[in-house]
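Residue numbers (the working numbering): 4 to 444.
Just so you know, even glycine gets a beta-carbon here, dropped at the ideal spot from N, CA and C.
Right, one structure below, let's go through it.
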Amino acid sequence: MIRRMATNPISPFPAGFLWGVSTSAHQIEGAADVREPSVWDAFTAEPGRVKDGSTAAVACDHYHRYREDVALLADLGVDAYRFSVSWPRVNSPGGLGFYDRLVDELCAAGVRPVVTLFHWDLPVTLDWLERDTAFRFAEYVSVVAERLGDRVAKWITLNEPAEHTLLGHALGVHAPGRELMFDALPVAHHQLLAHGLAVRALRAAGAGDIGIANSHAPVRPASGGPEDVAAAEFYDILLNRLFSDPLLLGRYPDGIEALLPGGPEGVESDLKVISEPLDWYGINYYAPSRVGAPQGEDIEFSGLSLPAELPFSVREIEGHPVTDFGWPVVPEALTELLAGFGERYGDRLPPVVITENGCSYEGIDDQERIAYLDGHIRALHRAMEAGADVRGYFVWSLLDNFEWAEGYARRFGLVHVDYTTLKRTPKASYAWLRDLLRARG
Ligand code: FCB
């Protein structure tokens, strides 16, 4: 059913507020034949890993069509474009040259480049279980910063280390497909260490305006009963605080350090690196979570199969519309999330940027996406009125793209992509966002 949008205008945001859209290399670039393979190439080559059996070998062919895509960005009128640099491409001859051309094209179009340095496409020869990968990452970051640093507006070290750890290494539904459950925790620690080393490498190369893009969601207990509350609290630690506490407070949540490589002593000095001060903190927000005590059986949730032995169970959130992906649409949870962050981290929290927010819906007349974005932008505005220091908002995503284990079945774009002809068609939501940005004057 199509919900028509509210007609009252969205209140103005402060001058200088950064409006943008986001993508990632593996999901849009294609041109897999002219770069080294990543763990995602190896994963998608295994039968049954990606639901529609597809790969990202061509994806949106952005590598060859980036000029057309930058023209779409310019016409949309965004201030900034968040994209990721593919580490395997940088390792390949001429690979960095592609990003050099892309950054030039963006600057010429008046769109500020915001670069993510790692968005899950690890070179296939590397492994986050190895501590050394953090140091290899910092070397790669120096090379990128050296080449692009004079034109990049903002840097993002990592995208969603929580999902990369959980989905890729604990549950095995994303690359590299490991099912280590709690033995995956070193992967989280090594990514956080890589983040801190990358912050230092960027600063050493003279680059500034550094952040990270972490996924966060308020966690609601399934009931007020002590078992549900305890399970929800544990889930909150695992998905939210395991990443934000070390970055912002310089310590892991209680009980986590003992599970990490080297135990508490080894981790102590790493935490100094991990908590290098940031210029801003990126939050990717899609939907809240509802969590209760284990139910003694495997749970199918949002395309995931969650094993019975987990100390929690993820539940459906009722009473809200859902996207085509089955994710509940709860804009007020974004206001709640930002208020909670302010309370927990106080003056340790730098200014926030919403680095991803969006939804998957079919169709070019995507009124549901307009309603989703409208609701979330208003929720963000309310959070700012209540005191949250938020400096930017990025829609996921510019284009429909390769949605990881879901393949091409999920369409998050403001622009429709026909995967046979690769033709781009702006959707109704693209026109809506363009009007919103133009109305700023
Ligand atoms: C986020 C990812 C992004 C995209 C969106 C839908 O978790 O960072 O690449 O897949 O979800």
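Under DSSP, the beta-bridge partners assigned to residue 309 are 302. The secondary-structure analysis by DSSP pairs residue 325 across a beta bridge with 331. Taking 8 Å as the cut-off, the Cβ atoms of residue 69 and residue 108 count as close.
Per DSSP, residue 158 is not a residue of any alpha helix (DSSP H); the beta strand (DSSP E) it occupies stretches across 157-162. For residue 51, the closest C-alpha among the options 295, 332, 176, 227 is that of 176. Judged by DSSP secondary structure, residue 356 falls within the beta strand (DSSP E) whose first and last residues are 355-359. Contact between residue 28 and residue 88 holds, with the beta-carbon distance rounding to 7 Å and staying under 8 Å.
For residue 295, the enclosing beta strand (DSSP E) covers residues 292-295.
Residues 14 of the same chain have their beta carbon placed closer than 6 Å to that of residue 384, with the five preceding and five following residues left out of the count.
Here the distance from the Cβ of residue 330 to the nearest heavy atom of the ligand FCB is not below 7 Å. When DSSP states are grouped into helix, strand and coil, residue 289 belongs to the coil group.
Secondary structure of residue 131 (DSSP, three-state): coil. At a threshold of 7 Å, residue 287 counts as near the ligand FCB, since its beta carbon sits closer than that to one of the ligand's heavy atoms. About 6 Å separates the beta carbon of residue 286 from that of residue 217, a gap short enough to meet the 8 Å contact definition. By the CB criterion at 8 Å, residue 221 and residue 312 fall outside the cutoff. Relative to the ligand FCB, the beta carbon of residue 371 is positioned no closer than 7 Å to any heavy atom. The closest CA to that of residue 370, considering only 314, 357, 436, 402, is found on 436. Here the distance from the Cβ of residue 162 to the nearest heavy atom of the ligand FCB is below 7 Å. The three-state secondary structure of residue 90, taken from DSSP, is helix. By the neighbour-count criterion, in which a residue is buried when 16 or more other Cβ atoms sit within 10 angstroms of its Cβ, residue 426 is exposed.
Its chain contains 288, 379 as the residues whose beta carbon lies nearer than 6 Å to that of residue 360, once the 5 sequence neighbours on both sides are disregarded; these appear in chain order.
Here the region 91-98 lies against the region 32-46, with 3 or more beta-carbon pairs under 8 Å apart. Taking non-hydrogen atoms of the ligand FCB into account, the C-beta of residue 298 is found less than 7 Å away from none of them. In chain order, 52, 178, 179, 180 place their CB closer than 7 Å to the CB of residue 46, counting only its own chain and leaving out the 5 sequence neighbours on each side. DSSP places residue 283 outside both helix and strand once states are collapsed to three, so it counts as coil. Under the three-state reduction of DSSP output, residue 344 falls in the helix class.
If you ignore the 5 residues before and after residue 336, its C-beta comes within less than 6 Å of the C-beta of 221, 291, all in its own chain and listed in chain order.
Relative to the ligand FCB, even the nearest heavy atom lies 7 Å or more away from the CB of residue 365.
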